[in-house]
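Chemist:
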Amino acid sequence: MFPDQIRESIDKNTPVVMALGVIEYHAEHLCTGVDTLVVQRALEMLEEEMELIVLPPFWYGAGSYAVAGPERKGGMHIDAGVLNTFARQIFYNLLRIGFRNIHLFYHHQSENFASGMPNDLAFRLAAKQEIFAFLDRERGEG
Numbered sequence: 033m034f035p036d037q038i039r040e041s042i043d044k045n046t047p048v049v050m051a052l053g054v055i056e057y058h059a060e061h062l063c064t065g066v067d068t069l070v071v072q073r074a075l076e077m078l079e080e081e082m083e084l085i086v087l088p089p090f091w092y093g094a095g096s097y098a099v100a101g102p103e104r105k106g107g108m109h110i111d112a113g114v115l116n117t118f119a120r121q122i123f124y125n126l127l128r129i130g131f132r133n134i135h136l137f138y139h140h141q142s143e144n145f146a147s148g149m150p151n152d153l154a155f156r157l158a159a160k161q162e163i164f165a166f167l168d169r170e171r172g173e174g
């Protein structure tokens, strides 16, 4: 995007969306990274129907090795604490740019999504931490 397009999107409160996924082994019938690919394609389809800013996907998450270890299969697991630190920087920068309508879409470990799983918990916590830090910086304490 060009700077004038960014400013226009901020003024219009255009939704900013990002696919959040993992690089994980799903047995031999699916490719690694399928969680991210599914969400990214859904966002691209949605973009054809409404105005969105589709950010590059975030691939490297807390995939775990519950199905299989990574050796010769390709899965990757990034510690949730590392993800939280990185995610805070993403949210910090998006807020600082001026975006306020930010959404991450996730397709992984959703069988118990209400209570959360390591990847989505790291990003949810980071979002809340940065929203409050942003409000403190912008409005002061209290």
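When we follow this note's numbering, the leftmost residue of the sequence shown carries the number 33, and every step to the right adds one. In this text, a Cβ means the ideal position worked out from N, Cα and C, and glycines have one as well. What you are looking at is a predicted structure, and each value in this text was computed from that prediction instead of being measured.
1) Quick check on L126 - is its C-beta less than 8 Å from some C-beta in chain D?
2) Just the C-alpha distance for S41 and D168, rounded to the nearest angstrom, thanks.
3) Pick out whichever of I85, V66, V49 has its Cα sitting closest to the Cα of R39.
4) If I measure Cβ to Cβ from I134 and keep anything under 6 Å in the same chain, skipping five residues before and after, which residues do I get?
5) Does DSSP put A159 in a helix, a strand or coil?
6) Identify, in the order they occur along the chain, each residue of the same chain with its Cβ nearer than 6 Å to the Cβ of Y138, setting aside the five sequence neighbours on each side.
7) Going by DSSP, what residue range makes up the alpha helix (DSSP H) through L136?
Modeler: Straight from the coordinates:
1) As a matter of chain content, chain D is missing from the structure shown, which is built from one protein chain.
2) 24 Å
3) I85
4) The residues V48, L126, in chain order, have a CB closer than 6 Å to that of I134 in the same chain once the five nearest residues on each side in sequence are set aside.
5) helix
6) L52, D152.
7) That residue, L136, is in no alpha helix (DSSP H); its beta strand (DSSP E) goes 134-138.
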